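What follows is a single structure, written as structure tokens, with notes after it.
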Amino acid sequence: MRLYRHPGTWILLLGFGFLFSCQSEQKSKDAGETAGVTKPQPKPPKGYEPAEAKLVTGEGENWDGHFSPDGRKVLYLSKNRPKHKHSQVYEFDRVTLRHRRITFHDGENSGPRYDSSGKWILYASTTDEIKENPAYIQKALKELSSAKTEEKTVTSTSSAAPWLELPYEIYRSSTNGNDIERLTHTPSYDAEASYHPSLPTILFTSVRHGRPMLYMMNVDGSSQKLLSDSRFIEAEGQFHPGGKELVFVRYSSDMKQAQIVFKDTKTKEEKNLTLPTAVSWSPVWLPDGEHILFASNLDDPENFEIYAIKKDGSCLQRLTYSLGNDVQPAISPDGKSVLFTSDRGGSRQLYLMDFKPPTTCPKS
């Protein structure tokens, strides 16, 4: 599968963090040529100079980075390296500048996250379910053997099959890759797991009931229960630093748009923070508990950038201006640095920049 072909196809391919890994090296290095037309470099508003983004990774393709609780290390995904083609979980030490491989699976991996101690991690993997589901393996091999030279792009939104056929399960392990525990056991997509900031609870996305919805479970995998309203398609949930609020992605029924939604878990009050005409995804809380970072194509249907917004929906601010797609933001524990994924250099890599929003909020 390839990305960046048509705005309507994005939602099928990147609505969940791991699906960004389906992208190939399709983007050219200048990331600005489409059908022979060179797009101009996006320009920030007068008086605002975006922070400089520095390259963090280089070998293979790398994406979906997240900081450790002390901010010193970063978990991320990497694929297409000399010793492995599948996506694996790596850790980068910002002090020693060393990259260390954590997982050694024969399947794909996605969504690595630290717990509050920094000693345990969550991630999703296909390593077991592809073995438990022979029909999936047979279908994959058949598609591989009959693959044609022309690329295949998903353009239909009439079926939930793209998710129902992705065999991810959620795992917990130590940061050295040992003491692996499998937490979910459903024949469907279980992924996008993250820890509650103070309770032994995990928030995750599952398609076990036919559509992507948010679920909660204990850290040992017990007491799995539905959190979403079953009328909606929801994913990528993140607990507020205080634990009493959520932010997540809600998709339109035709899967062509996605909004960032804020929810108070006590009052059940909800607020859509972004426009219903765009695809907004990968929300993360800032440490102050008042602001949220996310990726969106708000300003250009064919290009994603990083934005910041307050949890009440005010003060929308764009942080990046690149011809490449800037997605999957993460904020350091001290709130000073933003890590994100971008293909601005021709392939997906991790970049780091100072958190430098405009000094004033735009008028609503």
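Add 14 to the 1-based position in the sequence shown for our numbering, that's all there is to it.
Even for Gly, the Cβ is constructed at its ideal location relative to N, Cα and C.
Model, not experiment: these values are computed from the prediction.
Residues of the same chain with a CB within less than 8 angstroms of the CB of Val-352, apart from the 5 flanking positions on each side, are Ala-65, Leu-307, Ile-320, Leu-333, Pro-343, Ala-344, Ile-345, Ser-346, Leu-366, Met-367, Asp-368, Phe-369 in chain order.
If the five residues before and after Tyr-128 are omitted, its C-beta is found closer than 7 angstroms to the C-beta atoms of His-80, Ser-82, Pro-83, Leu-89, Ile-135, all from its own chain and listed in chain order.
The Cβ atoms of Met-227 and Ser-237 lie no closer than 8 angstroms to each other. Taking 8 angstroms as the cut-off, the Cβ atoms of Ile-247 and Val-261 do not count as close. Using a 10 angstroms sphere on the CB of Leu-111, the tally of other CB atoms stays under 16, which defines it as exposed.
Judged by DSSP secondary structure, Lys-277 falls within the beta strand (DSSP E) whose first and last residues are 272-278. Assigned with DSSP and collapsed to three states, Lys-60 falls in coil, not helix or strand. Excluding residues up to 5 positions away in sequence, Tyr-90, Ser-92, Gln-363, Leu-364 lie with their Cβ nearer than 6 angstroms to the Cβ of Asn-76 in the same chain.
Within its own chain, the residues whose Cβ lies closer than 7 angstroms to the Cβ of Ile-144, once the five positions on either side in sequence are excluded, are Gly-121, Tyr-150, Ile-151, Pro-181, listed in chain order. By the CB criterion at 8 angstroms, Pro-290 and Ser-266 fall inside the cutoff. Fully enclosed beta strand (DSSP E) runs of no fewer than 3 residues occupy 247-253, 259-265 of the stretch 235-271, in order along the chain. Assignment of Gln-55 by DSSP, reduced to helix, strand and coil, places it in the coil class.
Gln-55 counts as exposed, since fewer than 16 other beta carbons sit within 10 angstroms of its beta carbon. Between Leu-69 and Arg-358, the alpha-carbon positions lie close to 10 angstroms from each other. Inter-residue distance for Lys-270 and Trp-295 is about 12 angstroms (C-alpha atoms, whole angstroms). The C-beta distance from Tyr-62 to Val-103 rounds to 36 angstroms, too long to meet the 8 angstroms contact threshold. Secondary structure at Ile-323: strand, using DSSP grouped into helix, strand and coil. Take Ile-184, set aside five residues on each side of it, and the residues of its chain with a beta-carbon closer than 7 angstroms to its own are Leu-136, Ala-138, Leu-197, Thr-198, Asp-204, Ala-205, Ala-207, Phe-218, in chain order.
When DSSP states are grouped into helix, strand and coil, Ile-116 belongs to the coil group.
Per DSSP, Ile-184 lies in no alpha helix (DSSP H) segment; the continuous beta strand (DSSP E) that holds it begins and ends at 183-188.
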